[in-house]
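A.B. asks: Residue 12 is where the sequence shown starts when you use this note's numbering, and the numbers rise one by one after that. No residue lacks a Cβ here, since even glycine has one placed at the ideal position from N, Cα and C.
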Amino acid sequence: MNSNGPPQLTPAQWASYGESKRLALYISMGVFLVLGNSTFVARIYCQLERLHVLLLEDAFLAFALILANVGIVLNILATTKGLGLHDYRVIAEDDSAIRGESLVRIYELIYVSNNLQAACLASVKIALLFLYRRIFIVNQKWLKVTWWGNLLFVIALFLIAIFFNIFQCSPINWYWMRMYILAGSPVPNEDLGYCSPASRSVIYATLSLNIVSDVALLLLPAISIATLQITMGNKIGLAVVFGFGIM
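1. Leaving out five residues before and five after F72 in sequence, what residues of the same chain have Cβ atoms less than 8 Å from its Cβ?
2. Taking its Cβ as the centre, do 16 or more other Cβ atoms sit within 10 Å of S14, making it buried, or is it exposed?
3. CB-CB under 7 Å to A89, same chain, minus the five flanking residues each way: which ones, in chain order?
4. Whole alpha helix (DSSP H) runs in the stretch 149-181 with 4 or more residues, listed along the chain?
5. How many Å lie between L127 and R61 at the Cα?
6. When the Cα atoms are used, what is the spatial distance from D105 to D98?
7. Cα separation between A176 and A75?
8. Can you tell me which of Y186, I222, I77, A237 puts its alpha carbon nearest to the alpha carbon of V165?
9. Hey, how far is the Cα of Q24 from the Cα of P18?
10. Taking DSSP as the reference, what is the three-state secondary structure of Y122?
11. Under the three-state reduction of DSSP, which class applies to L96: helix, strand or coil?
12. What does DSSP give as the partner residues of S31 in its beta bridges?
13. In the DSSP assignment, the alpha helix (DSSP H) including E104 goes from what residue to what residue?
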């Protein structure tokens with residue numbers, strides 16, 4: 012048991028003490044792990060059977076899958092340490108030498124996972140863009156310009172997001188070390204730090220820009236299909252089939 016003694020909980024905290032989302036986290040991460048890997052293997056198998064060659068988008072998807080798998084494993088480890096429980100429960104049940112150690116480890120794993128997620132999302136979007144280029148972009152100049160604009164936007168958004176994610180606190184490890192203060196424990200080595208007060212605003216801005224990027228990615232094939240010299244019924248059918256393929 013830690014040397015700080017048991018924390019004092021409020022009546023409201025005691026009332027919600029038993030709440031837990033750990034089972035939901037385990038199930039969802041297990042489903043994502045199985046579906047992500049099985050669909051990728053199926054895609055590669057079909058690709059080799061049909062084209063007998065792997066394409067550039069396959070490389071980006073493979074990279075994204077590796078990042079996603081590592082991120083899921085890190086989140087599973089964080090869940091074993093208390094992710095999915097209220098912070099005060101994690102602190103109360105912490106049997107480390109210094110109270111708050113478990114919470115610190117959770118936030119450390121979340122920090123790494125968040126950065127991997129940003130890189131994974133960018134890799135998936137780049138893979139989709141290379142797929143679009145292969146299928147739709149032939150000689151249309153406006154499509155080429157739109158494609159390059161989308162690619163540069165995705166890369167720029169990723170660089171901005173990853174830079175802020177990494178350096179939002181100074182020193183970097185203050186992102187997780189500050190949890191000692193939340194637990195009412197002294198920070199080891201008294202190494203105090205600082206996190207940007209704009210963190211929430213930047214997160215919301217990044218999410219908004221990601222939505223813009225997603226819409227742009229969906230519009231590119233939609234506009235391309237709309238310009239094809241085929242009947243409206245065929246256009247709708249092609250859009251539905253292509254949409255299911257993206258999903």
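C.D. replies: The short version:
1. Position 61 of the sequence shown, counted from the first residue, corresponds to residue 72. Reading off the sequence shown, one finds Leu at residue 72, where the question assumed Phe. Only F51, R54, S134, V135, A138 meet the Cβ criterion.
2. One-based indexing of the sequence shown puts residue 14 at position 3. Note on S14: pLDDT 49, under 50, position unreliable in the model; no value is reported.
3. In the sequence shown, counting from the first residue as 1, residue 89 sits at position 78. Its chain contains I117, L120, I121 as the residues whose beta carbon lies nearer than 7 Å to that of A89, once the 5 sequence neighbours on both sides are disregarded; these appear in chain order.
4. List check, alpha helix (DSSP H) in window: 152-178.
5. Counting from one through the sequence shown, the residue named residue 127 turns up at place 116. Counting from one through the sequence shown, the residue named residue 61 turns up at place 50. The alpha-carbon atoms of L127 and R61 are separated by roughly 32 Å.
6. Here the question's residue 105 lines up with position 94 in the sequence shown. Here the question's residue 98 lines up with position 87 in the sequence shown. Spanning the two alpha carbons is a distance of roughly 11 Å.
7. As a working mapping, residue 176 is identified with position 165 in the sequence shown. As a working mapping, residue 75 is identified with position 64 in the sequence shown. Looking at the sequence itself, residue 176 is Asn, so the reference to Ala does not match. Taking the straight line from one Cα to the other gives about 18 Å.
8. For the purposes of this step, residue 165 is taken as the residue at position 154 of the sequence shown. The option with the nearest alpha carbon to V165 is I222.
9. Mapped onto the sequence shown, residue 24 falls at position 13. Mapped onto the sequence shown, residue 18 falls at position 7. Spanning the two alpha carbons is a distance of roughly 11 Å.
10. For this step, residue 122 is matched to residue 111 along the sequence shown. Judged by DSSP in its simplified three-state form, Y122 adopts helix.
11. The residue labelled residue 96 in the question sits at position 85 within the sequence shown. Judged by DSSP in its simplified three-state form, L96 adopts strand.
12. Locating residue 31 in the sequence shown gives position 20, counting from the first residue. Listed as beta-bridge partners of S31 by DSSP are L96.
13. Residue mapping note: residue 104 aligns to position 93 of the sequence shown, counting from 1. Boundaries cannot be given for E104, as no alpha helix (DSSP H) includes it and DSSP labels it neither H nor E.
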